[in-house]
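The block underneath contains the structure these notes are about, expressed in structure tokens.
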Amino acid sequence: MSDKIEERVEASDEAWETRRLGAEEAFVAVAGPEVEEAVERAAGTKLISIRMSQRMIDDLKFIAMQHGLGYQTLMKQSLARFIEAEKKLLWNEQVAKALKEKEGKPSNPTRAA
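See the structure below:
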């Protein structure tokens, strides 16, 4: 048995970002573009870049921590909720428009900003 004490680091986005995890040279290898593309295709995801204010990022990190999430996971969930709500709103507007046209009434749906 080894006398070496292993330090345990909680796996989190923060640990990866601060390079406490995943930065040991023995475990680092650069994946080629074909591997990266295959991973993205398999996951159905695409890497994007977005600029945000530091305050917004800090707020997201704080909120995410309160929910036991990483901030990028929270961002993804928030965007998914927004997209779903917006699609429902657009669908409802189209249905209302179609119903009014069917009844012979002009349609002018108003949308809250």
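Under my numbering, the first residue of the sequence shown carries the number 1252, and numbering increases by one thereafter. C-beta: ideal position from N, C-alpha, C; glycine also. In this text the structure is predicted, and so the values were computed from the model without any measurement.
Residue interval of the alpha helix (DSSP H) (run including Ile1308): 1305 to 1317
Simplified DSSP state of Lys1297, which is helix, strand or coil: coil
Inter-residue Cα distance where the pair is Lys1351 and Glu1335: 24 Å
Alpha helix (DSSP H) runs contained entirely in the stretch 1316 to 1357, provided each spans 4 or more residues: 1322 to 1353
Terminal residues of the alpha helix (DSSP H) in which Glu1265 lies: 1264 to 1268
Segment contact flag, the stretch 1318 to 1337 with the stretch 1262 to 1282, C-beta cutoff 8 Å, min 3 pairs: yes
Residue burial classification, Ala1277 (beta-carbon count within 10 angstroms, cutoff 16): exposed
With 16 other Cβ atoms within 10 Å as the buried cut-off, status of Ala1315: buried
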